[in-house]
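To keep things clear, I will list the structure first and then write my remarks on it.
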Amino acid sequence: MIEVRGMRVTLKDVAEEVGLSVSSVSRVINNTGRISDEKRKAVFEAAKRLNYTPNANARELKKQTSSTIGVIIPDITNSFFVRMLKSIDLRLWEQGYNIIFCDTDESVERELEYYQLLKEKNVAGIIVSPASRSMIYENETQNINCVFVDNEPYMTEKPYSFVSINNCEASMELTQRVIDQGYRDIIMIIGSLDETSSNQRLIGFQNCLRANNIEWTHDRVYFGDCHYKSGFEIVEDLIARNRLPECIYAHNNMEAYGAYAALRKHKIRIPEDIALVCFDGKDPTFMQDTNITGIIQPVEEIAEAAVEMVLNNMKTPGKHNRRLLPYGFYEGHTLKSRT
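Letter by letter, the sequence shown follows residues 157 to 495 in my numbering.
This is the structure:
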């Protein structure tokens, strides 16, 4: 009998003990292939004598399963995605899963690289917020358990799992609240229209203006890159050209914080001199005195739904789901009645 001391017992050790090939022993351990009952019994007895324990990682690879979920987000500096990531991590940890998270910094190229890397690591599923509505997933999700959040990918006819809010409806509601407070000169700071959330929020803004007989002109929209700096620079430019409106609608929190900082720099009072609204502007951890009026997305619920989808897809592959969750409105300190 072989004695194995000071090291992990391997399949090779068991094979040598019973005089069989490693592949034969592997078939017995993994219950695959045809092996006689006599040899099967001999293998299990030898494994018991040697205290052989199957390697969990190897068995996961063999079964093409994993206890790891990949998470791809576009901006780790955005508190919305930080909260989403924390919630996803907590929900998966409660279910016995680990995560690998990747920050694309709004780069489609980096997003694709991370996606390919996670596939190579054989993760059990991927939760991704796409940086744009690009075609990179068109031929990539055929056999991958993938759930999209916040932004949708470009897909022609292929089904996919997705969770977010109704951004068009939410944007219309926010714009209507601004108009109801007596504002008509409103401009919007928007991100890339390649992002479905940006696109839908712009459509909601346009539709609401037209529904209220407010003329739509292209100079009502200023394009940023979803970051603090772009919000700051756009407002600096508006101030320099003496083109400040009655209200600024920033499509996300980071651009709103940049806009807020630029206004404060020039001692422009909010909301006395100008109003400011946005999505997800309630974040005292970013700017202590800033609670911006606007739409609040249910981040924890979105994360929970995404985790539920990715785990359910493991049980029933090919079953896709699309969910739009209820959103809320936050009455901050940046909008007041003009009437």
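A virtual CB, placed ideally from N, CA and C, is assigned to each residue, including glycine.
Whose C-alpha, out of 317, 310, 358, 230, is nearest the C-alpha of residue 300?
Reading the sequence shown from its first residue, position 144 is the one you call residue 300. Comparing Cα positions, the closest option is 317.
According to DSSP, what are the bridge partners of residue 378?
The residue you call residue 378 lines up with position 222 of the sequence shown. 345, per the DSSP bridge assignment.
If I'm right that residue 229 touches residue 257 with Cβ under 8 Å, what's the distance once you round it to whole angstroms?
For the purposes of this step, residue 229 is identified with residue 73 of the sequence shown, where counting begins at 1. For the purposes of this step, residue 257 is identified with residue 101 of the sequence shown, where counting begins at 1. Right, their Cβ atoms sit about 7 Å apart.
Mind checking which residues open and close the beta strand (DSSP E) that includes residue 449?
Against the sequence shown, residue 449 aligns to sequence position 293. Here the beta strand (DSSP E) through residue 449 covers 449 to 452.
Does the distance from the C-beta atom of residue 165 to that of residue 207 stay below 8 Å?
As a position in the sequence shown, residue 165 is number 9, starting the count at 1. As a position in the sequence shown, residue 207 is number 51, starting the count at 1. Yes, the Cβ-Cβ distance between residue 165 and residue 207 is below 8 Å.
Hey, would you say residue 342 sits closer than 8 Å to residue 392, going by beta carbons?
Here the question's residue 342 lines up with position 186 in the sequence shown. Here the question's residue 392 lines up with position 236 in the sequence shown. Not in contact: residue 342 and residue 392 (Cβ atoms no closer than 8 Å).
Which of helix, strand or coil does DSSP assign to residue 479?
Counting from 1 along the sequence shown, the entry for residue 479 is found at position 323. DSSP places residue 479 within a strand segment (E or B) once states are collapsed to three.
Contact between the stretch 356 to 364 and the stretch 413 to 426: three or more CB pairs below 8 Å?
no
Checking 8 Å against the spacing of the C-beta atoms, do residue 231 and residue 261 come in under that value?
The count along the sequence shown starts at 1 and reaches residue 231 at position 75. The count along the sequence shown starts at 1 and reaches residue 261 at position 105. Against a cut-off of 8 Å, the Cβ pair of residue 261 and residue 231 comes out as a contact.
So, with DSSP's three-state summary, where would you put residue 432?
To locate residue 432, count along the sequence shown from 1; it is residue 276. Correct three-state label for residue 432: strand.
What are the boundary residues of the alpha helix (DSSP H) that residue 310 is part of?
Within the sequence shown, residue 310 is the residue found at index 154, counting from 1. Taken as a continuous stretch (DSSP letters only), residue 310 belongs to no alpha helix (DSSP H), as it is neither H nor E.
Which runs of the beta strand (DSSP E), 3 residues or longer, sit entirely within the stretch 374 to 425?
377 to 379, 403 to 406
Which residues share a DSSP beta bridge with residue 319?
For the purposes of this step, residue 319 is identified with residue 163 of the sequence shown, where counting begins at 1. Partner residues in the beta bridge of residue 319, as assigned by DSSP, are 305, 479.
Would you call residue 315 buried or exposed, if buried means 16 or more other Cβ atoms sit within 10 Å of its Cβ?
The sequence position of residue 315 within the sequence shown is 159, counting from 1. Answer is exposed; the Cβ neighbour count stays below 16.
Anyone know if the C-beta pair for residue 412 and residue 448 falls short of 8 Å?
In the sequence shown, the residue the question calls residue 412 occupies position 256. In the sequence shown, the residue the question calls residue 448 occupies position 292. Contact: yes.
How many angstroms separate the CA atom of residue 274 from the CA atom of residue 174?
Reading the sequence shown from its first residue, position 118 is the one you call residue 274. Reading the sequence shown from its first residue, position 18 is the one you call residue 174. When the Cα atoms are used, residue 274 and residue 174 turn out to be separated by approximately 39 Å.
Return the chain-ordered list of same chain residues with a C-beta closer than 7 Å to the C-beta of residue 400, the five sequence neighbours on each side being excluded.
As a working mapping, residue 400 is identified with position 244 in the sequence shown. Same-chain partners within the cutoff: 394, 430.
Excluding the 5 residues flanking residue 382 on each side, which residues of the same chain have their C-beta closer than 7 Å to its C-beta?
Numbered from 1 along the sequence shown, position 226 holds the residue referred to as residue 382. 231, 262, 347, 408, 410, 411, listed in sequence order.
Reducing DSSP to helix, strand and coil, say where residue 232 ends up.
Within the sequence shown, the letter at position 76 stands for residue 232. Three-state DSSP puts residue 232 in coil, outside helix and strand.
Short check: CB of residue 244 to CB of residue 459, under 8 Å?
Here the question's residue 244 lines up with position 88 in the sequence shown. Here the question's residue 459 lines up with position 303 in the sequence shown. Less than 8 Å divides the Cβ of residue 244 from the Cβ of residue 459.
Please confirm whether residue 450 and residue 365 have their CB atoms less than 8 Å apart.
For the purposes of this step, residue 450 is taken as the residue at position 294 of the sequence shown. For the purposes of this step, residue 365 is taken as the residue at position 209 of the sequence shown. No, the pair does not count as a contact, with Cβ atoms beyond the cut-off.
CA-CA distance, residue 438 and residue 476?
Numbered from 1 along the sequence shown, position 282 holds the residue referred to as residue 438. Numbered from 1 along the sequence shown, position 320 holds the residue referred to as residue 476. Roughly 32 Å separates the two Cα atoms.
Nearest to residue 468 by CA position, among 248, 183, 198, is which residue?
One-based indexing of the sequence shown puts residue 468 at position 312. Nearest C-alpha to residue 468: 248.
Just how far apart, CA to CA, sit residue 183 and residue 191?
As a working note, residue 183 is residue 27 in the sequence shown. As a working note, residue 191 is residue 35 in the sequence shown. Distance between the alpha carbons of residue 183 and residue 191: 8 Å.
In terms of alpha-carbon separation, which member of 172, 415, 325, 424 lies closest to residue 354?
Walking along the sequence shown from the start, residue 354 turns up at place 198. Comparing Cα positions, the closest option is 325.
Put residue 360 into one of helix, strand or coil per three-state DSSP.
Sequence index remark: in the sequence shown, residue 360 carries index 204 (1-based). In this structure, residue 360 counts as helix in the three-state DSSP scheme.
How is the beta strand (DSSP E) around residue 254 delimited, first residue to last?
The residue given as residue 254 occupies position 98 in the sequence shown. Note, residue 254: beta strand (DSSP E), 254 to 259.
Does the beta-carbon of residue 428 have 16 or more other beta-carbons within 10 angstroms, so that it is buried, or is it exposed?
If you number the sequence shown from 1, residue 428 lands on position 272. Burial is judged here by how many other beta carbons sit within 10 angstroms of a residue's own beta carbon; residue 428 has fewer than 16 and is exposed.
Who are the near neighbours of residue 222 in its chain, counting only those whose CB is closer than 6 Å to its CB and skipping five residues on each side?
For the purposes of this step, residue 222 is taken as the residue at position 66 of the sequence shown. Within the same chain, residue 222 has close Cβ partners 216, 278, 279, 280.
Could you check what DSSP says for residue 224 in three-state terms: helix, strand or coil?
Start at 1 with the first residue of the sequence shown, and residue 224 comes out as number 68. Reduced to three states, the DSSP call for residue 224 is strand.
Check for me: the beta strand (DSSP E) holding residue 282 runs from which residue to which?
Position 126 of the sequence shown, counted from the first residue, corresponds to residue 282. Run containing residue 282: 281 to 284, per the beta strand (DSSP E) assignment.
Over the uninterrupted beta strand (DSSP E) stretch that includes residue 208, give me the two end residues.
Taking the first residue of the sequence shown as 1, we reach residue 208 at position 52. It is not in any beta strand (DSSP E) - residue 208 carries neither H nor E in the DSSP assignment.
Can you tell which of 167, 396, 349, 465 has its C-alpha closest to the C-alpha of residue 286?
Counting from one through the sequence shown, the residue named residue 286 turns up at place 130. Checked all of 167, 396, 349, 465; the closest Cα to residue 286 is 349.
So which of 251, 170, 224, 483 has the shortest CA-CA distance to residue 201?
By 1-based counting over the sequence shown, the position of residue 201 is 45. Closest by alpha carbon: 170.
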